[in-house]
Each structure stands twice: as C-alpha cells, then as structure tokens.
Amino acid sequence: MQKLRIGIAVCVTVSLLLAACGGSAPQPTATVSPQATATPMPPTAVPQPTAAGPEATTAPTAVPAVPTATTAAPPTKPDKVTLEFWYSLAGSSGQAVEELVKQFNESQSYIQVQATYQGGYAEIMAKTWNAIFAEQTLPHVAQLGGAPLVGATGACVPITDFTDGPGGIDRSKIYDAFWKYNMAGGKIWAMPFNNSVPVLYYNKELFKAAGLDPDKPPETWDDVIRYGQQLSDGEGQWGFNTNDDTHWYFSTMVLGNGGQIINAEETEVLYNSPEAVEMLTLWGDMVNDLEIMPPAQHNEAPTDFLAGTLGMLMRSSSVVPSLSRDAPFDLGVAMVPTVAGKERVAPIGGGSMVIFKNENPYVLDAAWEFVKFMTSEKSSLYLATHTGYVPIYKDALQWPELQAYLEQNPLSRVPIEELQYSYAIPVFTSLGTSDSTLRQAIEAVELGANDPQSALDEAKSIVDQDIKDQQQD
Amino acid sequence: MTVQPDIQKVPLWQSQRVRKAVFAFFWYLFLTATALAVMLPFIWMISTSLKGQKEVFTYPPSWLPKEWRWQNYIDAWKGAMFGRYFINSVLIAVAVTLGQVVTCSMAAYAFARMRFRGKDLLFALFLSTTMISTQVTLVPSYLVMKTLGWMDSYKALIVPFLTSPFAIFIMRQSFMTIPRELEEAARLDGCGRVRFLVQMLLPLCKPVIAAQALFAFMGNWNSYMWPLIVTTSKELRTLQIGLRYFVNQEGGTQWGLFMAAAVLVSLPVVVIYFTVQKQFVEGIATTGLKGT
Numbered sequence: 022m023q024k025l026r027i028g029i030a031v032c033v034t035v036s037l038l039l040a041a042c043g044g045s046a047p048q049p050t051a052t053v054s055p056q057a058t059a060t061p062m063p064p065t066a067v068p069q070p071t072a073a074g075p076e077a078t079t080a081p082t083a084v085p086a087v088p089t090a091t092t093a094a095p096p097t098k099p100d101k102v103t104l105e106f107w108y109s110l111a112g113s114s115g116q117a118v119e120e121l122v123k124q125f126n127e128s129q130s131y132i133q134v135q136a137t138y139q140g141g142y143a144e145i146m147a148k149t150w151n152a153i154f155a156e157q158t159l160p161h162v163a164q165l166g167g168a169p170l171v172g173a174t175g176a177c178v179p180i181t182d183f184t185d186g187p188g189g190i191d192r193s194k195i196y197d198a199f200w201k202y203n204m205a206g207g208k209i210w211a212m213p214f215n216n217s218v219p220v221l222y223y224n225k226e227l228f229k230a231a232g233l234d235p236d237k238p239p240e241t242w243d244d245v246i247r248y249g250q251q252l253s254d255g256e257g258q259w260g261f262n263t264n265d266d267t268h269w270y271f272s273t274m275v276l277g278n279g280g281q282i283i284n285a286e287e288t289e290v291l292y293n294s295p296e297a298v299e300m301l302t303l304w305g306d307m308v309n310d311l312e313i314m315p316p317a318q319h320n321e322a323p324t325d326f327l328a329g330t331l332g333m334l335m336r337s338s339s340v341v342p343s344l345s346r347d348a349p350f351d352l353g354v355a356m357v358p359t360v361a362g363k364e365r366v367a368p369i370g371g372g373s374m375v376i377f378k379n380e381n382p383y384v385l386d387a388a389w390e391f392v393k394f395m396t397s398e399k400s401s402l403y404l405a406t407h408t409g410y411v412p413i414y415k416d417a418l419q420w421p422e423l424q425a426y427l428e429q430n431p432l433s434r435v436p437i438e439e440l441q442y443s444y445a446i447p448v449f450t451s452l453g454t455s456d457s458t459l460r461q462a463i464e465a466v467e468l469g470a471n472d473p474q475s476a477l478d479e480a481k482s483i484v485d486q487d488i489k490d491q492q493q494d
Numbered sequence: 074m075t076v077q078p079d080i081q082k083v084p085l086w087q088s089q090r091v092r093k094a095v096f097a098f099f100w101y102l103f104l105t106a107t108a109l110a111v112m113l114p115f116i117w118m119i120s121t122s123l124k125g126q127k128e129v130f131t132y133p134p135s136w137l138p139k140e141w142r143w144q145n146y147i148d149a150w151k152g153a154m155f156g157r158y159f160i161n162s163v164l165i166a167v168a169v170t171l172g173q174v175v176t177c178s179m180a181a182y183a184f185a186r187m188r189f190r191g192k193d194l195l196f197a198l199f200l201s202t203t204m205i206s207t208q209v210t211l212v213p214s215y216l217v218m219k220t221l222g223w224m225d226s227y228k229a230l231i232v233p234f235l236t237s238p239f240a241i242f243i244m245r246q247s248f249m250t251i252p253r254e255l256e257e258a259a260r261l262d263g264c265g266r267v268r269f270l271v272q273m274l275l276p277l278c279k280p281v282i283a284a285q286a287l288f289a290f291m292g293n294w295n296s297y298m299w300p301l302i303v304t305t306s307k308e309l310r311t312l313q314i315g316l317r318y319f320v321n322q323e324g325g326t327q328w329g330l331f332m333a334a335a336v337l338v339s340l341p342v343v344v345i346y347f348t349v350q351k352q353f354v355e356g357i358a359t360t361g362l363k364g365t
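Following this line, the structure appears as structure tokens:
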C-alpha cells in the first residue's frame with residue numbers, strides 16, 4: 022500500500038509536469054492566420070493546402086506551420102468567399118444575429134457567412150484563447166465580450182485599419198465611449214455591436230402602494246434611499262437591489278461620485294479612493310443600517326422583482342423588452358441615479374466584433390464588408406428593435422423607424438437617452454480578476470465581514486498584484 | 074378450538090403481523106417523503122416547462138400550471154437543431170459506453186489476473202490520472218487533437234473517452250472478488266483467457282458493468298465544455314450545447330422553453346436508468362461494499 026501511494030505521488034507529479042509543458046507548447050515563431058475557403062477555386066489560383074482531411078468541408082482549413090506557396094504569389098480575387106463567424110448571443114438575441122447574417126447573405130452573392138453559436142461570453146473566450154495559443158483554426162470574424170483583449174494578442178487586425186481606410190465609415194457618428202470600450206494598448210480592435218447600460222427598473226404598483234409618485238423615479242442615490250425606506254416593509258418586501266454583476270453597479274456609483282476605476286497607465290486600480298469608499302459605505306448602509314436591500318441576495322433579485330417583492334432593481338438595459346413582457350405589473354425604467362450635484366455616468370457593457378488576421382487581403386475585405394453590414398445603422402436599428410441592446414449611433418433617436426418603435430415601447434427610450442452619459446471603463450488584462458475581486462469586497466461589506474475601507478484596500482492589492490504578474494508574463 | 078384463546082391472549086397491537094405492518098407503514102412513509110424531496114427539482118422542472126413566462130414568476134408559486142402550455146415543448150424542439158443534436162449525443166454516448174466496457178474490461182482483467190513486470194506501477198499510473206482535474210488537461214488534450222488533425226470531428230468527441238481509469242479500477246476490484254479457482258478450473262477445461270473474460274467474468278460482474286456503463290453514458294451525455302471547444306460546426310454539436318442556447322445571459326431567459334428543453338434532454342437518461350435500475354442498484358451496493 023505504501024508503495025502504491027508513492028507510485029501515485031510520482032505519477033501525479035510527472036503528469037502535471039507533462040501537462041504544464043503541453044500548455045506552453047505553441048511555437049512563438051508562427052503566426053495565427055486562418056485561411057479562407059475560397060470556393061470554387063479559380064483555375065489561376067495557387068493550390069491551397071488541404072490540410073485537415075475530412076474536416077476540410079466543415080471548417081476553414083487549419084493552417085499547417087509549413088510556409089506554402091500562398092505567401093509567395095499575391096492571391097487573385099476569388100469568385101466567392103466563405104467566412105466563418107462565431108457569436109455568443111443566445112435565445113432571442115441569438116436569433117436576431119442569425120437573422121442579420123441571413124440578410125447579409127441574401128443581400129449579395131460574393132460573400133457567404135456561416136454563423137455558429139459558441140457559448141456565452143466566458144465559453145467563447147475560452148474557445149478563442151485555446152485556438153489562439155494552439156494556433157488552431159480561428160474564425161474570420163467573431164462577436165465577443167472583452168474583444169480588445171483578444172485583439173491585443175496579435176491575432177486580430179485593428180478595426181481602424183478598415184474604418185479609416187477606403188470603404189470605411191464615419192466614426193464620429195458613433196458615441197465615443199463605444200470606441201474607448203474597444204481599445205487596448207492605444208489601438209481600437211473591435212467594432213461595437215451589442216451594447217447596454219445599467220438602468221433602474223421599478224415597480225409602479227409598489228410605488229403607488231407606498232404613497233410614491235409612479236411617474237417620478239428616483240434621480241439621486243439619496244432619493245433611492247428615501248424611496249427604498251418607504252418601499253421596504255420588513256416582512257420580505259425590499260426597497261432596492263441589484264443584479265448579481267454587482268461590480269458593474271458599484272463602478273457606476275464610483276464613477277458617478279467622481280472616482281476612477283484604474284489609472285491612465287493601467288498599472289494600478291484606484292477603487293480604494295475616498296470617492297469609492299464613500300459609495301461602498303453607502304452600499305453597506307443600505308443593507309445593514311437602513312435595511313432596504315437584502316444582504317448577498319443578488320442572484321435572486323430579478324426573480325424577487327418579477328414576483329413583486331422588490332421595489333427597485335438595478336440591472337442591464339438589455340432586459341428592458343423581456344422584463345416589460347414578463348412583469349405582471351406596471352413597469353417603470355429610469356436612468357441610473359446620480360450622486361447629488363454630480364454628473365451622471367453610465368458605464369457601457371456588451372460585445373463587439375473582431376476581424377482575425379488573414380494572409381488573403383480579399384478575405385479581410387470581405388470580413389470588413391460583413392462587419393460593416395452587421396454594425397450599420399440599419400442593423401443597429403434591427404438589434405435595437407428586436408433585442409434589448411441599444412443603437413450605437415448618436416442620431417438614433419431621429420430615425421423614424423426607431424421613433425415608431427419607441428412609440429409602442431416607450432420604456433426602451435430610457436437607455437438610449439442615457440447614452441449621452443455613456444462612459445467606457447478601460448479594458449485591461451486583469452479586468453476579470455478586478456470584477457470578481459470587487460464582487461467579493463462588496464459581499465464582505467454586505468455580510469458585515471469587513472469594513473468598506475479595508476475591503477477595498479485588500480481588493481486593490483490583489484488586483485494590482487495580478488496586473489504586475491500579467492505584465493511579467 | 075385451541076387457536077381461539079391465543080388470539081384473545083395477545084392484543085392486536087402486539088401481534089407480529091400488525092407490528093410488521095405498522096413498521097412497514099412508517100418505513101414507506103419515510104421513503105416516500107425522501108423520494109419526494111429528491112424528486113422535487115425534477116417535478117419543478119416539469120411544472121415550469123408547462124407554464125407561460127409570466128406564470129413562472131408568480132408569487133407564491135404554484136405547483137400546477139394554470140394553463141398547460143404543451144406548446145413549450147414544440148417551440149423548444151424547434152428552438153435549436155435538436156433532431157441533429159439528439160443523433161449526435163446518442164451516437165457519441167453509445168460509442169463511448171461500448172468502447173469503455175470493451176477496453177476497460179480487458180485492462181481490468183490484466184490488472185486483476187495477469188502477472189507482468191511493472192504491473193503495480195502501471196496501475197498506479199492509471200489511477201493517478203483520475204486525480205487530475207479535467208480543466209488541467211483541457212489545453213493539452215486540445216493540442217493533441219490539433220496535432221492529430223481531429224478538430225471538429227466525431228473522432229475528437231469519441232476517441233479520448235474510449236477508456237476510463239476509474240472504470241478500470243472499479244472493474245478490477247470486481248474481477249478480483251471472483252475466486253481464482255474458478256478460472257483455474259476453466260483453464261483446465263481448455264478455456265482461454267479471452268473466452269473466460271467474455272463468458273465467465275463479464276456475466277458474473279454484470280451489476281458492476283451495468284453501473285459503469287450508466288456512469289459512462291451519463292458522464293458523456295452531460296459533457297459540455299469539451300464538445301464546445303473541439304467542434305466548430307453546428308452539425309457536430311450535442312444536446313447540452315443546444316440547451317445552453319436557451320440561456321440568454323443578457324436578454325432574459327424564457328424559462329418555460331428552457332425547462333421544456335431540459336426535460337427533453339434528460340428524458341433518455343431517465344429511461345435508461347429505469348431499464349437498468351436493478352443492475353444499477355446492485356452495482357452501487359457491490360462497489361460500495363466490496364471495493365477495497
């Protein structure tokens with residue numbers, strides 16, 4: 022038995038070492054470059070390497086590390102380009118993406134796009150990282166969250182190469198925050214596609230029952246507290262809560278209070294500043310002193326709200342249509358509250374479209390044609406009227422089609438108007454760690470396990486260390 | 074005539090039969106309560122699958138839908154390419170289950186009965202792999218698939234799972250409980266190793282094999298990350314990925330549809346469980362008691 026144990030210990034160590042080596046296997050010399058499956062092949066074209074055997078029909082061919090003739094001769098324009106497109110939106114939002122792709126495919130005959138759902142933001146990210154590091158088949162275009170980080174790996178072409186080139190677009194027509202949201206390392210990597218802002222949902226019937234004016238939603242955080250106290254009854258009905266992505270709503274408060282999330286050099290986070298501590302103190306008070314928000318029950322908040330046991334819910338604007346459909350009561354939507362006397366700030370969230378590098382300029386042009394279509398005013402309008410995402414264009418409220426839609430769905434107007442306050446929290450490499458660490462700090466304060474100042478000090482030191490570690494890699 | 078006084082002597086509540094019945098009554102009451110508690114999520118899933126979106130959130134919740142929406146099932150089936158996903162999931166799970174029984178029983182036989190150099194070390198090596206989490210091996214396995222050129226194919230979904238160290242371990246333990254004399258007698262009568270394995274060992278260890286097969290089937294049926302990572306085309310996707318398509322992270326999930334899809338996806342496992350239930354229970358009992 023002793024022998025067996027030692028044997029196991031040795032084997033585990035060896036296998037772990039092997040696994041570790043396997044993980045670092047990608048050769049630094051080769052570059053990621055998915056090849057287009059140009060079909061049918063023009064007779065003059067250089068023969069493409071048919072690498073992957075039977076799979077070649079279903080996916081863009083995997084690029085073997087051997088340099089091929091394609092690099093030597095300039096490629097000729099193919100008769101037809103087939104693009105592989107990965108997306109991460111499911112349900113009705115996913116159907117909207119599929120519909121837009123269908124419209125694009127039917128609008129012309131030169132480019133054919135194959136759209137495939139690849140899981141939510143987390144899964145498509147895991148899949149894309151795997152593909153990048155294993156130099157495995159990447160798609161030509163992808164729609165994902167955290168897009169600039171994928172771009173900064175060197176796997177993508179900066180989107181400004183297309184937007185500012187011939188056949189480009191007027192970037193000033195789109196809100197500046199959307200461009201900043203897609204920046205990393207000083208370059209814009211992706212085209213904004215599906216975006217949302219945090220908003221405040223409220224139950225008009227509970228407002229009436231509590232003696233509040235249902236047409237006067239809270240403007241400031243002081244209002245939220247005042248209303249919240251009237252809405253809470255101490256018997257299972259609460260005044261205010263947020264969805265479970267608490268870091269987003271907390272960041273909204275910090276930014277609204279004049280604080281910052283990260284410094285300009287992106288070397289350290291700044292959320293132990295007095296502005297941030299003040300807001301987390303307020304947050305903790307709402308739970309522990311004022312008792313208008315239940316402690317650590319953010320997962321249940323949307324269900325509580327729909328069940329009519331929660332007066333106000335802070336959540337992404339992307340659920341405006343589904344909540345208006347599902348709520349069995351009169352629903353109200355308001356912009357994010359402000360800190361009295363200060364400017365409103367609405368940090369945007371959502372996904373963007375990236376174009377992956379390719380040796381064939383015709384494929385890149387085709388990919389841009391597709392992305393341009395997907396993010397055009399027409400598509401932005403389609404997305405805004407069929408999903409909960411906001412149109413990215415500044416003049417959207419002047420579009421007659423959108424006006425007609427808002428006539429029928431007045432609640433959707435709020436997030437669009439809120440875009441004038443839109444702001445982009447910089448996308449930095451430790452953003453994932455930062456978000457989860459912030460959520461833990463918030464929870465610790467809600468449960469009374471830590472005080473706001475030291476919770477944020479600890480969060481900052483964890484994330485700063487992570488930033489340092491990332492830079493060393 | 075002699076029986077009558079006996080009946081009168083022993084009061085009814087003291088009679089053996091009545092006491093047994095009372096005990097059985099409470100025993101079954103307890104079992105029913107436990108079973109209901111375990112089945113609660115399942116019943117809730119079925120109940121939600123028949124509700125409209127508005128009814129899902131009503132408070133206090135009701136067990137029976139006010140309006141039975143069978144339409145949810147039709148919509149769910151149409152919501153994703155479930156027909157194709159179904160074929161894929163069945164194909165992969167069946168292939169993996171059969172493959173595991175074949176390869177693992179042979180390996181288990183070797184480890185249980187044959188003598189060769191380095192047997193213990195090799196066995197320890199096999200066992201140690203069960204202690205590495207799948208997340209750790211995800212990237213290396215991905216690289217192996219890539220090197221073999223198997224990305225986006227059925228091979229990548231089936232071959233890596235054709236053997237399982239856990240199954241080898243369980244089967245080996247079970248084979249070791251069969252008396253060696255039985256094999257010696259069979260060998261004397263001219264029975265070869267393969268024939269002994271197929272005709273004697275496997276039937277004798279049927280409960281364990283059945284339990285193991287069910288584990289393999291379920292494990293494969295439920296796998297999500299690996300199929301998502303190694304396949305890119307819709308035609309190769311499995312049911313679990315189809316299910317994921319109903320979870321609309323940012324736009325609000327249609328719970329009725331989602332639960333209807335979940336019922337459809339879990340149905341085959343339930344059916345299989347009931348068909349092999351007897352063996353399965355025996356298998357759990359034996360692996361639990363005799364596995365040393």
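Chains as they are written, first to last, in my numbering: chain A, 22 to 494; chain B, 74 to 365.
In this text, a Cβ means the ideal position worked out from N, Cα and C, and glycines have one as well.
Cutoff 6 Å; reference residue i; Cβ partners in own chain excluding five residues on either side
i              : result
N224 (chain A) : G332, F350
F331 (chain B) : F319
Y297 (chain B) : Q313
Minimum C-alpha distance to residue i - residue among the options
i              : options                        : result
I241 (chain B) : B:N145, B:L261, B:F184         : B:F184
T184 (chain A) : A:S339, A:S397, A:R336         : A:S397
P179 (chain A) : A:A445, A:Y196, A:N203         : A:N203
I243 (chain B) : B:R266, B:Y215, B:V281, B:M224 : B:V281
I160 (chain B) : B:F248, B:P133, B:L312         : B:L312
N293 (chain A) : A:V275, A:D306, A:G305         : A:V275
V336 (chain B) : B:S120, B:A97, B:T107          : B:S120
L303 (chain A) : A:A317, A:V354, A:I246, A:D254 : A:I246
E321 (chain A) : A:M335, A:E312, A:S272, A:Y403 : A:M335
Cβ-based neighbour list, residue i, same chain, cut-off 7 Å, excluding 5 preceding and 5 following
i              : result
C177 (chain A) : V171, W210, V375, I376, F377, K378
E76 (chain A)  : Summary for E76 (chain A): the model assigns pLDDT 35, below 50, so the residue's position carries little reliability; its value from the coordinates is reported in the next sentence. None.
A297 (chain A) : V275, G280, L477
D487 (chain A) : S451, T454
Under the three-state DSSP convention, the category residue i falls into
i              : result
G292 (chain B) : helix
R310 (chain B) : coil
F501 (chain A) : Past the boundaries of the shown model lies residue 501 (chain A); chain A is included only from 22 to 494, so the question cannot be answered.
S45 (chain A)  : The predicted model places S45 (chain A) with a pLDDT of 35, which falls under 50 and marks its position as unreliable; any figure quoted below should be read in that light. Residue state, collapsed to three classes: coil.
I488 (chain A) : helix
G260 (chain A) : strand
G232 (chain A) : coil
E256 (chain B) : helix
W107 (chain A) : strand
R142 (chain B) : coil
G123 (chain A) : It is worth fixing the name first, because residue 123 (chain A) is Lys in this sequence and not Gly. K123 (chain A): helix per DSSP, three-state reduction.
R190 (chain B) : coil
Buried versus exposed call for residue i [16 or more other C-beta atoms within 10 Å across all chains shown]
i              : result
S130 (chain A) : exposed
V344 (chain B) : exposed
N216 (chain A) : buried
A289 (chain B) : buried
Q491 (chain A) : exposed
K14 (chain B)  : Here chain B comprises residues numbered 74 to 365, so residue 14 (chain B) is not present and cannot be evaluated.
V84 (chain A)  : Note on V84 (chain A): pLDDT 42, under 50, position unreliable in the model; no value is reported.
E128 (chain B) : buried
A261 (chain B) : The question names Ala, yet the displayed sequence has Leu at residue 261 (chain B). L261 (chain B) comes out exposed.
Contacting residues, own chain, Cβ-Cβ under 8 Å from residue i (five flanking each side not counted)
i              : result
Q173 (chain B) : F234, L235, T236, S237, A240, Q285, A286, A289
L121 (chain A) : F394, M395, S400, Y403, L404
P447 (chain A) : K201, M204, I282, I283, E287
The stretch 126-146 of chain A touching the stretch 404-414 of chain A, judged by at least three CB pairs closer than 8 Å: No: fewer than three Cβ pairs fall under 8 Å.
Given 8 Å, three or more beta-carbon pairs between the stretch 383-392 of chain A and the stretch 246-256 of chain A: No, the stretch 383-392 of chain A is not in contact with the stretch 246-256 of chain A.
Cβ contact check for the stretch 103-118 of chain A and the stretch 154-167 of chain A: 3 or more pairs under 8 Å: Short answer: they touch.
Inter-stretch contact (C-beta, 8 Å, three-pair minimum) for the stretch 303-319 of chain A and the stretch 260-275 of chain A: Short answer: they touch.
The stretch 186-201 of chain B / the stretch 127-143 of chain B touching (three or more Cβ pairs under 8 Å): Touching, no, given that fewer than three Cβ pairs across the two stretches are closer than 8 Å.
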